[in-house]
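Student:
In mature numbering (1 follows the signal peptide of the UniProt record, and there is no 0), the protein residues as written are -26 to -1, 1 to 225.
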């Protein structure tokens, strides 16, 4: 593996993400091609891809010095968490390395989510769905998933409680001291938008079930762009999605 470095390239176009291993010597050429392709995809590709085809993987991977072929299938079968896998037979003249696995994440948009069956779950699911409803129901699907990532990233972080419900309710006993504003704004939590609640429930279910967190690069904080909290300057910004900026602790 000394001649090969694992490079994780996340391409977001309607929610389409790919991560693959490439030869180190081909990395620069591939990255240049990918940067050009991202710009084209963001402006031209508005429809959701149902699966990663062989042609699409070749396009995203770039030509470079590596020749890529699909060894066994032309599409991925997605699991309940929205994650699928393709097996690639990747070869180059110098190293001749063989099979690599490519993780693909099923694209999500509002139409796709609305077509899913109604979700349900226990307390952790309900806490996440509730937080998404009050914090992000007006955002795009990407913005809603990003907020879910922050909550789940906190669950996994040593500085925060280790359950979704405790993360969401942290500081709620003090006025304006909570981590999520809806928990201590003094207003009753009334869910009057039934379709939005169902949508947030489906996203919460997908994220709790293990959908890869690929949008915010490990963010544990976010704030609306209308405010400028003091803590933001002490953290590392990782993303700006819709009306929220996302941050993580400095590495």
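Just so it is clear, CB atoms sit at the ideal spot from N, CA and C, and this is done for glycine as well.
Using only the alpha-carbon positions, how far apart do residue 192 and residue 164 sit?
Tutor: 30 Å
Student: How long is the line joining the alpha carbons of residue 109 and residue 186, rounded to whole angstroms?
Tutor: 21 Å
Student: To the nearest angstrom, how far is it from the Cα of residue 214 to the Cα of residue 220?
Tutor: 6 Å
Student: For a test of the three-state rule: what should DSSP assign to residue 123, helix, strand or coil?
Tutor: helix
Student: Residue 218: buried (16+ other C-beta within 10 angstroms of its C-beta) or exposed?
Tutor: buried
Student: By how many angstroms is the C-alpha of residue 94 removed from the C-alpha of residue 212?
Tutor: Straight-line Cα distance between these residues: approximately 31 Å.
Student: With DSSP as the reference, please indicate the residues paired to residue 210 in a beta bridge.
Tutor: Beta-bridge pairing links residue 210 to 222.
Student: Helix, strand or coil: how does DSSP classify residue 193 here?
Tutor: coil
Student: If you scan the stretch 88 to 119 from start to end, which runs of the alpha helix (DSSP H) of 4 or more residues do you find wholly inside it?
Tutor: 97 to 110
Student: What are the start and end residues of the alpha helix (DSSP H) that includes residue 167?
Tutor: Counting along the chain, residue 167 falls outside any alpha helix (DSSP H), and DSSP gives it neither H nor E.
Student: Count the other CB atoms, across all protein chains shown, that sit within 10 Å of the CB of residue 99; report buried if there are 16 or more and exposed otherwise.
Tutor: buried
Student: Under the rule that 16 or more other beta-carbon atoms within 10 Å means buried, what is residue 137, buried or exposed?
Tutor: exposed
Student: Based on Cα-Cα distance, which residue from 178, 182, 155 and 135 lies nearest to residue 103?
Tutor: 178
Student: Just how far apart, CA to CA, sit residue 82 and residue 171?
Tutor: Taken atom to atom, the span from the alpha-carbon of residue 82 to that of residue 171 is near 17 Å.
Student: Among residues of its own chain, excluding the 5 on either side of residue 222, which ones have a beta-carbon nearer than 6 Å to its beta-carbon?
Tutor: Hits under 6 Å: 192, 193, 194, 210 and 212.
Student: Taking the alpha carbon of residue 96 as the point to measure from, which residue in 161, 146, 200 and 139 has its own alpha carbon closest?
Tutor: 139
Student: Identify, in the order they occur along the chain, each residue of the same chain with its Cβ nearer than 8 Å to the Cβ of residue 181, setting aside the five sequence neighbours on each side.
Tutor: 102, 119, 122, 123, 126 and 187
Student: Out of curiosity, what's the CA-to-CA distance linking residue 205 and residue 190?
Tutor: 18 Å
Student: I need the DSSP call for residue 152, collapsed to helix, strand or coil.
Tutor: When secondary structure is reduced to three states using DSSP, residue 152 falls in the coil class, being assigned neither helix nor strand.
Student: So, with DSSP's three-state summary, where would you put residue 199?
Tutor: coil
Student: Tell me which same chain residues have a C-beta within less than 6 Å of the C-beta of residue 173, skipping the five on either side of it?
Tutor: 87
Student: Applying the criterion that 16 or more other CB atoms from any shown protein chain within 10 Å of the CB defines a buried residue, is residue 112 buried or exposed?
Tutor: In this structure residue 112 is exposed. Its beta-carbon is surrounded by fewer than 16 other beta-carbon atoms within 10 angstroms.
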